[in-house]
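Asker:
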Amino acid sequence: MTARILIIEDEALVAMELRFVLEDLGYDVVATAGDARTARNLVREMEVDLALVDIHLSDGPTGIDLGRDLAKDEGVTVLYMTANPGMVRDGVAGTIGVLSKPTDERAVQQAVDYALRRREGEPVQLAPPELQLFA
Amino acid sequence: MTLSNINDKHPAGWAERDRVAALRAYGVLHSAPEAEFDDIVSLAARICEAPTALISLVDSDIQWFKARVGLDACETGRDVSFCDHAMRETEIMVVPDATLDPRFADNPLVTGDLGIRFYAGAPLVNAEGLPLGALCIIDYRPRPDGLTDLQTQTLTVLARQVISQLELRRALVLRQESQDTARRALLASEYVGAWDWDIVNDRVVADERFARMYGLDPETAVRGAPVGEFMGAMHPEDFERVNEEIQRALNGDGVFVSEYRLVVPGEPERWVLARGQVYYGPDGAPEHFPGIAVDITERKRMDASLAEVATALSESEAKFRAIADSMPQMVWSTLPDGFHDYYNARWYEFTGVAAGSTDGEGWAQIFHPEDQPRAWEVWKHSLATGELYEIEYRLRRFDGVYRWTLGRAAPIRNEAGEIIRWFGTCTDIDDLKRVEQNKELLSQELSHRIKNIFAVVSALIALSAREYPEARAFASAVRNRIGALARAHEFVRPHSDVSRPTVGSMTLHAFLEALFRPYADDSGAPRVVVDGDDALFDDQAATSVALLFHELATNAAKYGALSEAQGRVGLNTKLSGERFVLTWTEQGGPIVAGPPSHAGFGSSLATVSVEGQLAGKLERFWEPGGLIVVADLPATALSRRRAAEKSANRHPA
């Protein structure tokens, strides 16, 4: 089944381009959200396999807690995508890791692939170098 | 044969030790001949018709002759002394023929060359009954008849004369010594002199010293002169006052104490302290008025210097306080051990504390509790080492608000280099700190936005490319370059603690490693290996650095070493004197035929960046084994802003 991905990013254009990239790769982008509340509501309403979470959202640096909650409470596989990876330097329990922006399409593809395989419990292969894994 | 022991007590009651002490007390032993004594022996010799006459003084081991006639020796041993015997008698001892006297028959003076035969000696006994020696006459022919009555009487009288002369001599010596002592004491005490004023006849008699100090002829002074003549030496400014003081003494006070100056030609100006006492006659009128004067010039001078110094100090202190209280900063001062004993007005205004309540170590309570331990440590360190004290901390204002303050202090040292005081200031920097903090926040905010802009621009390009599919390759190339710029920017932008890249340092190598990470092989090992000297680079160089290496890597990935799995690139960076050289060496890729027919735009961009922006030199070597690129930059090129700052600090405007 095609993975269902939620993009949580407050820069609309960036979110839009990312959506195109993911759709080109064959994934199903179920929605984009620019703030934590919208994201939480969306997850409650629909099935989400993977969330790509930016840390700085329109309601402040709420992405960290959001990611943690989605992973813990909603069973979503969470990948942080941020220009500020230092903010999750010590890792966030339950989430996969952090991808540093700016990235390129290849890095996004590899990271998403890796994260989905982890979700399926498949044997873990090497993560792309741009993806900083949490322990 | 010894006749006595020093500890013996003569039957007459005197002890030898007392006798010797008494003799010595006369200070006459071994003294020069004196006429009074010489006359006595001459007369004795004549009256007794004897060739030899002596005044013999018997010391513990010798007899010594104060006066002699008819004998060369001035002393003999005591053991051969006739006088030693004679002095113990109460009357004249007569030895008619020494050879027949068992006491003296063996005496060397008898048996030897001298050949004494006749001796008559009158004891010399002092007022305490201690025998000192004898006055004797000696003949070298025996006289069986001894002395005549006249001779006996004469000798007796002359013996008493000798004693008198010795006493007189002793008295004179004592008096002289006493006078010497007194004179020395007076000299030491700067005694000026003494006067005695016969008030009734207005005649002041004074000693020589006094006369000289007062500019009078000593003889006049000794005879006596009216008091007016002495007062002529007084300093005109003191004259009136001293006159009044004298009148007061005469009129009933009786006691006179006055300080005044003497001005006498040929003498330096003197300050004297005069003390006198008025004596009144039976009718109550003042009769005479003796006194002494002491030179106090030195003391007055020292007092004046002390006064000057005290005034200077006090003025200096006043000036200091004036300055300190007018300064906008708080000023404080401590003893060498750190005990605060001075704060200026500003301190008390700011803190609102009661005067003196922050003395000693009381200052600490005004500091923010979180800053107190650190402040104590830094202060203790400065006290121990003498190093300048400087620290930022929060200080409590009178209204309870804590304000950021810069505290600084420096030690003052004496000539020996020891610290005698600390002087310090507190400057309110709260506004400054807030501005700094705001600037910092602003700067981070801006930086974050710029980062965002990179992301947005990149997205825009990609989105635009979707509209123009034929431009996809173009868009990709542009996005990649922008990506490199964005990554470089990450390393040069102002960071807060959380935003700092996880790599830690923001250096060239760290950036390069991040830049080349996408080219890692399947195991994650880098295919561009960076080594050599690291460097800092700032925002001015960021664009150039990013573009240069982005180009080199992209080209290598398209046509060079990175286009093949086993290809590798070595990037060596080296700081060599004033130059920074980066050497990019490709290997393991396709064989290089030679330079390309024309330079691609990418290589032009790189060239422009290195040679224009970084003012360096870029050279390409198309080696068959792989391309080698050398970028030779001025060492300051990567961090131009810092180099400029450093230069400004060395040559302040």
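First to last, the protein sequences are chains P and S.
According to the numbering used here, the first sequence is numbered sequentially starting from 568.
According to the numbering used here, the second sequence is numbered sequentially starting from 500.
Note that beta-carbon positions come from the ideal geometry of N, C-alpha and C, so glycine has one too.
Over the uninterrupted alpha helix (DSSP H) stretch that includes methionine 583 of chain P, give me the two end residues.
Answerer: 579-591 is the extent of the alpha helix (DSSP H) around methionine 583 of chain P.
Asker: Name the DSSP bridge partner or partners of glutamate 1118 of chain S?
Answerer: According to DSSP, glutamate 1118 of chain S bridges with S:Val1129.
Asker: Against chain S, does valine 581 of chain P count as a neighbour if the rule is that its beta carbon must be under 8 Å from one of theirs?
Answerer: Closer than 8 Å: yes.
Asker: I want to verify the contact list: residues of chain P whose CB lies under 9 Å from the CB of arginine 1067 of chain S, in sequence order.
Answerer: Ordered by position in chain P, no residue passes the 9 Å Cβ test against arginine 1067 of chain S, which lies about 16 Å from the chain.
Asker: Give me the residue from S:Thr904, S:Met829, S:Arg845, S:Asp1131 with the minimum Cα distance to glycine 1076 of chain S.
Answerer: The residue with the shortest Cα to Cα distance from glycine 1076 of chain S is S:Asp1131.
Asker: Please list, in chain order, the residues of the segment 675-698 of chain P that have any C-beta partner in chain S closer than 9 Å.
Answerer: Listed by position along the chain: Leu693, Ala694, Pro695, Pro696, Glu697.
Asker: Evaluate the contact criterion for the segment 1118-1134 of chain S versus the segment 1075-1092 of chain S: three or more CB pairs, one atom per stretch, below 8 Å.
Answerer: Taking 8 Å as the limit for Cβ pairs, the verdict is that the segment 1075-1092 of chain S does touch the segment 1118-1134 of chain S.
Asker: Identify whether tyrosine 639 of chain S lies in helix, strand or coil by the three-state DSSP scheme.
Answerer: Tyrosine 639 of chain S: coil per DSSP, three-state reduction.
Asker: Once the 5 residues before and after methionine 500 of chain S are set aside, which same chain residues still bring their CB inside 7 Å of it?
Answerer: Per-residue confidence for methionine 500 of chain S stands at a pLDDT of 39, beneath the threshold of 50, marking its modelled position as unreliable; no derived number is given.
Asker: Do we get a CB-CB distance below 8 Å when we pair glutamate 584 of chain P with the residues of chain S?
Answerer: It does: the Cβ of glutamate 584 of chain P has a partner Cβ on chain S nearer than 8 Å.
Asker: Which chain P residues sit within Cβ distance under 8 Å of arginine 1016 of chain S?
Answerer: Pro696, Glu697, listed in chain order.
Asker: Between the Cα of alanine 1060 of chain S and those of S:Asp648, S:His529, S:Arg1026, spot the shortest distance and give me the residue it belongs to.
Answerer: Of the listed residues, the one whose Cα sits closest to alanine 1060 of chain S is S:Arg1026.
Asker: To the nearest angstrom, report how far apart leucine 460 of chain S and arginine 602 of chain S are at their CA atoms.
Answerer: Nothing can be reported for residue 460 of chain S: it is not among the residues displayed for chain S, which extend from 500 to 1152.
Asker: Determine the closest residue to glycine 855 of chain S out of S:Phe849, S:Tyr841, S:Phe866, with distance taken between C-alpha atoms.
Answerer: The shortest Cα separation from glycine 855 of chain S among S:Phe849, S:Tyr841, S:Phe866 belongs to S:Tyr841.
Asker: What are the boundary residues of the alpha helix (DSSP H) that tryptophan 875 of chain S is part of?
Answerer: Run containing tryptophan 875 of chain S: 871-884, per the alpha helix (DSSP H) assignment.
Asker: Can the beta-carbon of arginine 702 of chain S be found less than 8 Å from the beta-carbon of glycine 723 of chain S?
Answerer: Yes, the Cβ-Cβ distance between arginine 702 of chain S and glycine 723 of chain S is below 8 Å.
Asker: For serine 825 of chain S and lysine 938 of chain S, I'd like the C-alpha separation in whole angstroms.
Answerer: So the two alpha carbons sit approximately 32 Å from each other.
Asker: Since cysteine 925 of chain S is in the beta strand (DSSP E), which residue starts that stretch and which ends it?
Answerer: Residues 918-927.
Asker: Taking one C-beta from the segment 627-647 of chain P and one from the segment 935-949 of chain S each time, how about it: are there three or more such pairs within less than 8 Å?
Answerer: With the cut-off at 8 Å, the segment 627-647 of chain P and the segment 935-949 of chain S do not touch.
Asker: Chain S beta carbons: is any one of them nearer than 8 Å to that of glutamate 578 of chain P?
Answerer: It does; some Cβ of chain S falls within 8 Å.
Asker: Does DSSP put glutamate 1085 of chain S in a helix, in a strand, or in coil?
Answerer: Strand at glutamate 1085 of chain S.
Asker: Does the CB of leucine 962 of chain S have a neighbour CB from chain P at under 8 Å?
Answerer: Yes - at least one Cβ of chain P is within 8 Å of the one on leucine 962 of chain S.
Asker: In this structure, how does DSSP classify tyrosine 1165 of chain S when only helix, strand and coil are distinguished?
Answerer: Nothing about residue 1165 of chain S can be reported from this structure: the residues present for chain S run from 500 to 1152 only.
Asker: Our contact map puts leucine 772 of chain S next to glutamate 758 of chain S with C-beta atoms below 8 Å; I'd like the distance itself, whole angstroms only.
Answerer: Indeed they touch by this definition, with Cβ atoms about 5 Å apart.
Asker: Taking the alpha-carbon positions, what's the alanine 534 of chain S to proline 607 of chain S distance?
Answerer: Each residue's alpha carbon lies about 31 Å from the other.
Asker: Looking only at its own chain, which residues have a Cβ that is under 7 Å from the Cβ of threonine 884 of chain S, when we skip the five neighbours before and after it?
Answerer: There are no such residues.
Asker: Quick one: does valine 1157 of chain S have its CB under 8 Å from some CB of chain P?
Answerer: The first residue shown for chain S is 500 and the last is 1152, placing residue 1157 of chain S beyond what the model contains.
Asker: Using a Cβ cut-off of 8 Å (strictly closer), state whether alanine 954 of chain S contacts chain P.
Answerer: So, interface residue.
Asker: With the cut-off set at 8 Å, would you say proline 669 of chain P and alanine 954 of chain S are in Cβ contact?
Answerer: Cβ distance < 8 Å, so proline 669 of chain P and alanine 954 of chain S count as in contact.
Asker: Cα separation between methionine 648 of chain P and glycine 601 of chain P?
Answerer: C-alpha separation (whole angstroms): 13 Å.
Asker: How about the segment 520-537 of chain S and the segment 587-602 of chain S: do they share at least three Cβ pairs that are nearer than 8 Å?
Answerer: Verdict: no, contact absent.
Asker: Would you call glycine 1003 of chain S buried or exposed, if buried means 16 or more other Cβ atoms sit within 10 Å of its Cβ?
Answerer: Any reading at glycine 1003 of chain S needs caution, since the residue's pLDDT is 47, under 50, leaving its predicted position unreliable; the model's value is listed next. The residue is exposed, with fewer than 16 neighbouring Cβ atoms inside 10 Å.
Asker: Please list, in chain order, the chain P residues whose beta carbon lies closer than 7 Å to that of lysine 950 of chain S.
Answerer: Simply Ala650.
Asker: Could you check what DSSP says for aspartate 1033 of chain S in three-state terms: helix, strand or coil?
Answerer: In this structure, aspartate 1033 of chain S counts as coil in the three-state DSSP scheme.
Asker: Quick one: give me the first and last residue of the alpha helix (DSSP H) that asparagine 742 of chain S is part of.
Answerer: Element bounds for asparagine 742 of chain S: 735-747.
Asker: Between which two residues does the beta strand (DSSP E) harbouring asparagine 1071 of chain S extend?
Answerer: Note, asparagine 1071 of chain S: beta strand (DSSP E), 1067-1075.
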